[in-house]
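Chemist: In the working numbering, the protein residues as written are 345 to 510.
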Amino acid sequence: MHADRLEETRMRYQSHEAATPETGPAADKELPAVVIEYLLRLRRLPVGAWNDAAQALVAAERDAGSAPSADSIAAAHAALRRIVAGVPGLAVQTQRRVQNMVEMAGTCMHISDCTKMKRAALTAALALAVRSALGEPLFAKLYAPFEQYIPLADLARAAADDLALA
């Protein structure tokens with residue numbers, strides 16, 4: 345009887361292992377180096393600064409008005425969604441990493457702020473990942489809220505590594 349329970353426990357553990365997504369560096373194989381570097385820097389960013397970046401994105405969207413132009417923030421978001429739809433693995437891996445960080449920040453922030461922070465961080469990370477396909481003007485609009493906290497110049501080496509691997 346004891347052997348049966350031991351075998352059942354072992355089988356349940358193996359099933360759980362198979363169903364549990366990998367969370368270490370191997371799980372990030374689809375993430376470009378520049379995104380990984382951005383996320384590492386985001387992790388060290390004070391929560392208040394991250395919240396300020398999120399509020400800046402919300403303000404930019406509000407100030408854009410209801411008549412979006414070809415270079416508006418709404419157009420940038422639409423282009424980002426269109427491009428990222430073609431690389432679902434990138435979107436899933438990035439969202440998972442950002443969600444983990446937001447959950448930690450959620451211990452000291454209001455849920456509505458966390459939602460905005462998640463959206464802003466995910467937008468910036470995905471924009472970094474598809475920067476060349478997005479184009480500089482649209483990329484700049486999407487990354488702008490984080491530029492003062494995580495300057496692109498600080499991410500230049502990781503971006504160069506991505507270009508060398510491409």
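Beta carbons are placed, not taken as given, at the ideal position from N, Cα and C, and that holds for glycine.
Taking one C-beta from the region 456-463 and one from the region 481-495 each time, how about it: are there three or more such pairs within less than 8 Å?
Modeler: no
Chemist: Consider the Cβ of residue 495: report whether some Cβ of chain D lies at a distance smaller than 7 Å.
Modeler: Within the model displayed, chain D is absent; a lone protein chain is all it includes.
Chemist: What three-state label does DSSP hand residue 495 in the structure shown?
Modeler: coil
Chemist: Can you list, in chain order, the residues of its chain with a C-beta nearer than 7 Å to that of residue 492? Leave out the 5 residues immediately preceding and following it.
Modeler: Excluding sequence positions up to five before and after residue 492, its CB lies less than 7 Å from no other CB in the same chain.
Chemist: At the level of alpha carbons, what is the spacing between residue 397 and residue 454?
Modeler: 15 Å
Chemist: How would you label residue 437, buried or exposed, when you count the other beta carbons within 10 angstroms and need 16 or more for buried?
Modeler: buried
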